[in-house]
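Right, one structure below, let's go through it.
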Amino acid sequence: MTIYAFEDKVPALGAGVFVADSASVIGDVVLGDHSSVWYASVVRADMYPIRVGKRVNIQDGAVLHVTGGIADTVVGDDVTIGHLALVHGCHIGNRVLIGMGSIILDGAVIEDECIIAAGSLVPPRMHIPKRSFVKGSPAKVVREATDHDLLMVDAGVATYQAYAAMYASGKLRRIDP
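Structure, rendered in C-alpha cells:
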C-alpha cells in the first residue's frame, strides 16, 4: 500500500482496513474500520479532508478527491464505490452504491440508501433524496430504490469485506519474473 502524508496531514486508517499495494491514500484522509481501497485507486486529500465511513469499498481505479476551500468529500458507512468512479467534493450517505464509471461532482449530496447506476453523471450541487434510484447523464431520479435493490447493496458490501479479508490474509502473493 502507498500511504502518503501531505505537509502535516497524515492518513488515519481504522481497524481492519485493506489498501492494495498500487492504491494511494494521501493527506487528510480518514478510512473507517473494515474499509478497503483497491488496485489503482486514489484517495487524495491534499487540500481538504476526505472522510470515509466503515465497511466502504473503493474499487479498482476509483478516484476520491476534493475541491480545496470549496467542498470536502464525506462517504458514509456501507458504501460501494464502483470501478473507475470519480467522487469529487461531495457527500454520500450510508448504504449507497455508486455504480462503475459514475461521476459525482462538487457539492452533490446523495442521501442514505441510494443507488447511482453505472455511468451516471451527478452534476454539481445536485441533491438526491433518500432511497432514490438514479441514472443517466445528467443523472435523474427514475424511481425509488426497492428493498431488493438495497439487499444487493448489502451483498456487495459483504462480498468486498470477504475479498479484503482474503487478500490481507496472505492469499495474494507477488511473483516477480
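Residue 23 in my numbering sits at position 23 of the sequence shown; the count goes up by one each step and never skips.
The C-beta atom is built at its ideal place from N, Cα and C for all residues, glycine as well.
A quick note: this is a predicted structure, and the numbers were derived from the prediction, not measured.
Buried versus exposed call for residue i [16 or more other C-beta atoms within 10 Å across all chains shown]
i    : result
S22  : exposed
V182 : Only positions 1 to 177 of the chain appear in this structure, which leaves residue 182 out of reach.
L13  : buried
Beta-carbon proximity list for residue i, same chain, < 8 angstroms, skipping 5 on both sides
i    : result
K140 : V134
Cβ distance (whole Å) where residue i is taken to contact residue j below 8 angstroms
i   : j    : result
V79 : I103 : The Cβ separation is near 16 angstroms, so there is no contact.
Three-state secondary structure assigned by DSSP to residue i
i    : result
V157 : helix
Y39  : coil
A183 : Since the first and last residues shown for the chain are 1 and 177, residue 183 lies out of range.
A12  : strand
For residue i: DSSP bridge partner residues
i    : result
K135 : K140
R44  : I26
I175 : Partner(s): none; I175 has no beta bridge.
T146 : Paired residues: none, contrary to the question.
H127 : V109
N94  : Partner(s): none; N94 has no beta bridge.
Cβ neighbours of residue i in the same chain (closer than 6 angstroms, five flanking residues each side left out)
i   : result
V56 : S35, V75 and V79
H91 : V74 and V109
L64 : V43, I50, T73 and V87
Test: residue i CB closer than 8 angstroms to a CB of chain B
i   : result
D78 : The structure shown contains no chain B; it is built from a single protein chain.
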